[in-house]
Each structure stands twice: as C-alpha cells, then as structure tokens.
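Only one structure is covered here, and it is reproduced in the block below.
There are 2 protein chains.
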Amino acid sequence: MSRLDETHDPARTSWVASAQGSDFPIQNLPFGVFRRRGTDEAFRGGVAIGDQILDVVAVADALADDAQSAARACGEPTLNRLMGLGRSAHQALRRALSAGLAEGSDLEDTFTRALVAQGSAEMALPAAIGDYTDFYSSIHHATNIGRLFRPDNPLLPNYRWIPIGYHGRSSSIAIGPESFPRPRGQQRPGEDGVPPFGPSSRMDYELELGVYVGRGNRRGHGIPIDAAEDHVFGICVLNDWSARDIQAWEYQPLGPFLGKSFATTVSPWIVTIDALEPFRAPLVRDEGEPEPLPYLTSDATLDEGALDITVEALLQTRTMRRNAHAPERLSLGSYRHAYWTVGQLVTHHAVNGCNLSPGDLLATGTLSGPEPGMEGALIEITRGGKAPKTLANGEVRTFLEDGDTVVLRAWCEAEGAIRIGFGEATGTVEAALD
Amino acid sequence: MSRLDETHDPARTSWVASAQGSDFPIQNLPFGVFRRRGTDEAFRGGVAIGDQILDVVAVADALADDAQSAARACGEPTLNRLMGLGRSAHQALRRALSAGLAEGSDLEDTFTRALVAQGSAEMALPAAIGDYTDFYSSIHHATNIGRLFRPDNPLLPNYRWIPIGYHGRSSSIAIGPESFPRPRGQQRPGEDGVPPFGPSSRMDYELELGVYVGRGNRRGHGIPIDAAEDHVFGICVLNDWSARDIQAWEYQPLGPFLGKSFATTVSPWIVTIDALEPFRAPLVRDEGEPEPLPYLTSDATLDEGALDITVEALLQTRTMRRNAHAPERLSLGSYRHAYWTVGQLVTHHAVNGCNLSPGDLLATGTLSGPEPGMEGALIEITRGGKAPKTLANGEVRTFLEDGDTVVLRAWCEAEGAIRIGFGEATGTVEAALD
C-alpha cells in the first residue's frame, strides 16, 4: 500500500461542502467531459467534486508546474490526449487538484470561478473509444452461464488459463442516462427450420466495469505485468446490454455479435486507478486453481492485484416509475470476486503484440459473485428464463420489458478510507422500431 | 446494369499514358491517402491513375460544382469525411475526375500540376477505422474449416441463414507493405495440462477483401437491403493474419481474439463501389440452399448482388527473395463464390440498430472457392497442417516461416469492360521478439 499519498488521506476535506459524504469526495476526483447545458460551448474535461464539476483547463495556470500539461490536455473534447500522457502525469494532476480543492487552499477563489454545477451541465462520452474489448473475468458468471448450456461441464478448459475476451462494438457505446429501441434479429428456428425474425424477447443487462486505457503500447511490443497498471487511466460502470435470443442463434463459431452491438451504456465519470489505491485486495483463487502462467503473474498481482469495488444493478419498471417507486435491487457483488485482475487483462491483451491506445475500453465482463444475489445478469438470476423473478410490487420479470430502466452503480468502501462512488450507468429499453 | 455511365466507357482513355493497361486505368480511380515521401507535407486524399496520384483537393476549384465538396474533403489526412458525404457525392466526384483525366480534357494542364508519381509518394491508412468487423462470407471456407473440427458436420446450422461475423481489432490494421513480429501466446496444453507459451508455430494468412463504409446510419435505425450499397464507399484487399494455434486454444466460447489482433494488412487503395459496377454477378446459391430471409433479399441482391473480383495470394520466402525468385501463387479465387453479398453484410450488421460510421471496415472473411487451388488460407491448403505444400524451389510449408512475405492481389475483368486492379496488400512475418 506504499502508493497511498496525501490525496488518499481520510482526514483531508474539501472547501466544496457538498463533497463530504457524496460519491465524489476529495479522495475521488473522477474525470468526465462536460459543458454548460443549453450552450454551444466546447465540451472539455472536468473533475467531479461533490455536486460540482471543476473545469480543469480553466485552472491550469494556477497549478504546480508538473501538473500543467495534463491540465491543459483537459481542454479537449475527449480525454484521449490526457489519457495518453501516462500515469505520472495523471498523478501529478491528481495531487495538484487535490491540493487546490482541499480545505485551506489559497487557490479556493481561482477554483471557485471554475466550478460548474453538475445539475446545469451536459455530459459527453469521455473518450473517443478506438477499440472496445469485453472480457469474461468472473468465473462465477462463466460457470453460471456454462451450466445453462453444459450442466455437467460448465467451465471450458481454457477458462482457468486465459483471460477470455472478445472484441466489442465501439460505435454504439454511449453514456447514460440513455435509451434505445429493443433490437431486432434472427432467433433460433423452431420445427420448420426457418429462423424467426423480430424484436428480441430475451433482453438482458450485464453488470460490468469498464477500464479506460491510458498510455498505449507500440504494435508488436507487449506490456509486462508489472507495468500493466501504468497503462490504465481509470474505471467506469458499464452495462453490456445483451439480447440473449439473438446471441444464442448467432454466436457459434465466432462469438457474440448483434446480440450485443446495438448498445453499451457507460457512466459519465471515470474513477482513476490512483483513486482506487485504498481498495486493493488479494487475488482470490480457490483451492486447486492453477497459478497463472508467468507472464500473467507477479507478487503484486497475487497480493493486491484485485480491487474491492462494490457493483449493484437496480431495475425500475415503467409501473414503478409511474408510482414513484424507487428502483429495486437485482444484483449486488464486488469486482474482488473476479478471476482476473485489471493488470492481467492489459498484459494478456498486448502479449501477442496487439497495440492498445489511449481511450480504448476494456470491460470486465459480467461481475457475478459466489453467493446468491450476486448474479450480474437476468439470465443467471432467472436461470435462463426458467425461474421468473417476482418484484416487490408484484410484477414478474424473466427478461427486460419495454420501458424498463436498469441502473448500475459502483462504489468503494474500506476501513480507514473515505468511501468513493462511480455514479451511475443508466439505460432504458424502449419498444422496437417498426 | 443501368448504373453504368460514361466513367465506365471502355473507349475512354486518359492523357496520363501509363493509365492504359495498368491496375489503375481511368475506369478505376481508386482513393488513397498520400504525401510526397521525405517531406512533412500533410497527408491528403488522392486518386491513382496509372503510375501517378492525382492530388484531388488541388484541383477542387476546377471541378464541376456538384463535385467540389467531395474534392475538398480529400484535403484531410483521412478519407472519413469524404466517405460520410454519401454515394451521390462520390459519384459526382468520380464523373468530374474522369472527365478531367480523359483524353481531350481542357483541364489537362491544371490536373498535370496536381500529379505526384506513385514512386515518390508515401501512403497512409486511408481512414480512421472506428470499428472493424470480420465476416465469414465464403461457404467454401466455412466448410473447409468446419471439416477440420467436425468431419461429419462441417457447417453449423446458422451458416445458411446468418452472415456470421465478429468484431475485429481496429488498432492493429496497417497498410502494406509492412512487417510485424510473429505473435506469442498460449497454446493448447499437452498431457501435463499446462498451456505452453511462446511464438505461434501455425502462422497463416487469410485472403479477404475489406469494405469501407461510406455514409453511416443512426443508432437504432437499420439499413434496408435496397439502400445497403449506398452506405458503401469502396473495397480494398485485406490479409487477416491468423495464428492458428493461439486461435484454437482461446476461441471458445467468445470467438477469435489474440489469434488475430496482432496485425491486419490492407492495400493502400480503395476501389469505389461505383468502379465495380461492370463486374456485378448473380448471387450463387446451390440447389437446395434456402432463400435468404426477407430483410436480406431483393431482386437486385439475387440478380446482381455479387461482385466478380478475382483474388490471389502469393508467397515469397526469404530464400526466394535472396534468389530473386518471383512470389509463387498459393490461392486464386473470386469474391463471386461468396455466400453473402456486400449489401447483405451491411444490412445484417445494422439490423439490430448497430450504427455503422464512415470509415468502418467490414472484411469479407477468407474467400475460398469451390475448386482446388481456390483455398484462401494455408490451413485449408495443407488440411490443418497435415498435407505440407512443396514450393517450386523445393521449400516446404505447412504454415508461414519467419521472413515469409505474403502478397495479396485483386482485380476485375469482364467482357466489354476495361480491367481494373486493386494493387496489393503485402506483409512479412518477422521473427518473434524476445
């Protein structure tokens, strides 16, 4: 835990009073892209503090020298250039912003003039995502899904060796809150052998985290496991919406395609890898699991490669919304149950020479846990649709209905640390278009 | 064939004398991005004519009014904005450039000043490729590959209904000629159950074409089959390099990943969909094949949805290069044998609401044909490595060795039309890095 510094000090508070006790205390400082709503201002990078956003480029001149280049990179409409500056630049900016926002800072007046209320801001996707990769990090999810297809042999033999992943669709990633029409597609044929075509009737969410790549690597050159997290900018919440019926019919032999590519929703804020330092955890491997291959392991990976990020999925149906009922929890788990760490995903992805670029997004895959209630998707909760779930208001769901809103949240808590939150990734499934 | 116009007229010749009989006669006019080699000029769009490149933005003012916006879009370092202008803008530019390059044009002096010799130019990737999708269009390839895994049941039941595809890696796409180190990765375990890790020993090429998307579609809104080709800018040659041993161990259940993502090589020039008009062909379906579902079919799809583009793969080993032996042919086929047309790929990709964007790249998948000699990859030629191929100089190959160069070419010929070529996509496999 030697990487803790004054920015993580639980005693530090901000002169932005709303910061204390919010998702965005001074220990967090997540990045997003914003402008004042209803204006044609340029979108630019900002940092959330309480219910405010700090316009970072507006305070660049006031910051310590080593933070200025990173602060100026926040003047662009995506954070890709900031991300590409590398971890030491991100750390310098974090130290400078934390100092300026801390109670007693002599930059309070300068910073105050650069605050925009989150309630009056419009957010944008924080990066131009060149490539999006979705992994399959949770052995509990892989086992739950595998059991539906192969009850006797749920986990394929490669799972315990390879951080399984596949390329996803970048273009349809959007920040929440958002909505999209139910996708249409081919489904598995019945007795006549002809695939029916129409709106998906097995729409699902997947509770995931998304990892934004910071500094990239040159094509042909891998990333050693000890350097992997230096290539990470930060983490968001991510909903990998899935049309299970389209997916089931199309996915052999080349993997998921149209069952996923219609929409992916991410939270507007990115919690930096440095903000997550107090929430590290040892990599969990059950008795009898093999050691990872040498290229995927290190002492730090085993001792503190995991992150204890609590993840939650909630559902608000149209009826619940009409009756002003709060969203109801469907899933509650933690990223610490994952089989593979962020560093292992990065190193594996680049081991063949594949070049990662700033702003690339790596999703963890559905984060299901070992206990009931930790299943991160309806297909697991309802056992493939065979065990419908009755909600508190009496409504029943096997999969998502039109008008259903899914809210994903994440946060971190640990003894001796201030709780930090990720905000929400919220999306609503609307009726299919004609 | 009503879409033929004066730009396809076989009697039209260019005052650029090298155009006649080359890959790039006046009937072709493919687009690329170039600058004068050894300068720090900005990269910009150009059109190949014989052994020259026409600097399109430099002649914009001289063109017909309806061609000027497209010509000005060629002033950018990628063709994405040109691509997004849509097919009628592309057609207007094609007519204007053809007129100016035609024998007898009064723009000859103006155009001559805007020519750069290909021999003195440096080319760049012609688009910022937001998303790259690789399809599996050839039923012959799918059958050949399936037979290696499932001799009795080579073709999965979805193949005849769905244009099977998967998301590929954009970041590692480069124009040829290029080289890259042999990828490293995990391979299938032997008896000890531990996957070996090291350089791939089953490196292969895949002979494909790549389709650049022109105008995009809004997320949520599909593309009707009759409009599909209006969303296509043009076609290049593409090598989907594949590490078969890495692929075989990793690809279940989510599809190809590191077995492909280390490198994809494309040709520098993009032949527009309009230049291909004289080479249309009926969609080939054997007796007993089902009709495509309604969303994937139309009279035009059945009658002339296919394209007769000859595709060829050649190998030049290090020994052949040392002895100044020309590359030796490995594969010769045609895109007309594909099961799915370009229009079907586009419409299927968007049917779930997935938004395609200008510059996205859709690869056809390996274009194997029905006859011996038409197999588009070594894994097919050598039957999974079991039938090594002896080359003319006595060398033997099961898969690619270090120093092997693969040259992919494509061209179109038809009665009553002038032959047009795509140029080459050339890449060399180098030794793995330590």
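Going line by line, the protein sequences match chains E and Y.
Mind the numbering: the first sequence is residues 371 to 804 in the working numbering, read in order.
Mind the numbering: the second sequence is residues 371 to 804 in the working numbering, read in order.
Positions of the beta carbon are idealized from the N, C-alpha and C atoms, including for glycine.
Quantities reported herein were computed from a predicted structural model and do not represent experimental measurements.
**Asked** Is there a Cβ from chain E that is less than 7 Å from the Cβ of Glu575(Y)?
**Response** One point to set straight first is that residue 575(Y) is Tyr, not Glu, in the sequence displayed. By this cut-off, Tyr575(Y) is not an interface position.
**Asked** Going along the stretch 611 to 628 of chain E in order, which residues come within less than 8 Å of chain B, judged by CB to CB distance?
**Response** As a matter of chain content, chain B is missing from the structure shown, whose protein chains are E and Y.
**Request:** Identify the continuous beta strand (DSSP E) that holds Thr752(Y) and give its terminal residues.
**Result:** Per DSSP, Thr752(Y) belongs to no beta strand (DSSP E) and is neither H nor E.
**Message:** Check this for me: beta carbons of Leu685(E) and Leu700(E), under 7 Å apart or not?
**Reply:** yes
**Message:** the ligand COA and Val721(Y): does the residue's C-beta get closer than 6 Å to at least one heavy atom of that ligand?
**Reply:** As presented, the structure is devoid of all ligands, the ligand COA included, so that no description of it is given.
**Prompt:** Could you give the distance in angstroms between the alpha-carbon of Val581(Y) and the alpha-carbon of Leu732(Y)?
**Reply:** 5 Å
**Prompt:** Going by beta carbon distance, what residues of the same chain come within less than 6 Å of Gly755(Y), once the five residues before and after it are set aside?
**Reply:** Thr768
**Prompt:** Comparing the C-beta of Met371(E) with each C-beta of chain Y, is any distance below 7 Å?
**Reply:** Below a pLDDT of 50, predicted positions are generally treated as unreliable, and Met371(E), at 41, falls in that range; no measurement from the model is reported.
**Request:** Tell me, please, whether the CB atom of Leu526(Y) is closer than 7 Å to any CB atom in chain E?
**Result:** yes
**Asked** Secondary structure at Ile545(E), three-state DSSP: helix, strand or coil?
**Response** strand
**Asked** Do Ile545(Y) and Pro652(Y) have their CB atoms nearer than 7 Å?
**Response** no
**Request:** For the stretch 491 to 560 of chain E, list the alpha helix (DSSP H) runs that are entirely contained and at least 4 residues long, ordered along the chain.
**Result:** 509 to 519
**Item:** Nonlocal neighbours in the same chain, by C-beta distance under 6 Å from Met371(Y), ignoring five residues either side
**Value:** Summary for Met371(Y): the model assigns pLDDT 40, below 50, so the residue's position carries little reliability; its value from the coordinates is reported in the next sentence. Nothing meets the Cβ criterion.
**Request:** Measure the CB-CB distance between Leu449(E) and Pro400(E) and report whether it falls below 7 Å.
**Result:** no
**Prompt:** What does Gly590(E) reach in chain Y if we use C-beta pairs closer than 7 Å?
**Reply:** Phe550, Pro551, Leu803
**Asked** Whose Cβ in chain E lies nearer than 7 Å to the Cβ of Asn725(Y)?
**Response** Ser541, Ser542
**Message:** Determine whether the beta carbon atoms of Gly568(Y) and Arg558(Y) lie at a separation below 7 Å.
**Reply:** no
**Request:** Give the residues of chain Y in contact with Gln557(E), contact being defined as C-beta atoms less than 9 Å apart.
**Result:** Simply none; closest approach about 10 Å.
**Item:** Cα-Cα separation, Gln422(E) to Ala645(Y)
**Value:** 55 Å
**Prompt:** Around the C-beta of Ala460(E), are 16 or more other C-beta atoms found within 10 angstroms, so that it is buried, or is it exposed?
**Reply:** Looking at the sequence provided, one finds His at residue 460(E) rather than Ala. With 16 or more Cβ atoms within 10 Å of its Cβ, His460(E) is classed as buried.
**Leu715(Y) versus Phe632(Y) - alpha carbon distance** = 24 Å
**Prompt:** Would the beta-carbon of Gly739(E) fall within 7 Å of that of His719(E)?
**Reply:** no
**Prompt:** Under 7 Å between C-beta atoms, does Asp501(Y) make it to chain E?
**Reply:** yes
**Request:** Measure how close the beta-carbons of Leu433(Y) and Ala466(Y) come, nearest whole angstrom, since I'm counting them as under 8 Å.
**Result:** 4 Å
**Message:** Am I right that Ala440(Y) and Val427(Y) are in contact with their C-beta atoms under 8 Å? What's the rounded C-beta distance?
**Reply:** That belief does not hold up - the Cβ atoms of Ala440(Y) and Val427(Y) are roughly 10 Å apart, past 8 Å.
**Prompt:** Taking the beta strand (DSSP E) that Val654(Y) falls in, what are its first and last residues?
**Reply:** It is not in any beta strand (DSSP E) - Val654(Y) carries neither H nor E in the DSSP assignment.
**Request:** Please confirm if Leu663(E) has its CB atom under 7 Å from at least one CB of chain Y.
**Result:** yes
**Prompt:** Does Phe820(E) have its Cβ less than 7 Å from a Cβ in chain Y?
**Reply:** Shown here, chain E extends from 371 to 804; a query on residue 820(E) therefore has no answer.
**Asked** Gln686(Y) bridges to which residues according to DSSP?
**Response** Thr775(Y)
**Item:** In DSSP terms, what Tyr582(E) is bridged to
**Value:** Gly604(E), Leu731(E)
**Per-residue contacts from Val721(Y) into chain E (C-beta, under 9 Å)** = Pro553, Arg554, Gly555, Gln556, Phe567, Leu628
**Message:** Cβ closer than 7 Å: which chain Y residues qualify as neighbours of Tyr506(E)?
**Reply:** Leu624
**Message:** So for Met371(Y), helix, strand or coil by DSSP?
**Reply:** Because Met371(Y) sits at a pLDDT of 40, beneath the cut-off of 50, its placement in the model cannot be relied upon, and the point is left open.
**Message:** Output needed for Ser727(Y): all residues of its chain with C-beta closer than 6 Å, excluding positions within five of it in sequence on either side, in chain order.
**Reply:** Gly500, Gly586
**Request:** Work out the CA separation of Gly391(Y) and Cys444(E) for me, nearest whole Å.
**Result:** 53 Å
**Per-residue DSSP class, three states only, for Ile790(E)** = strand
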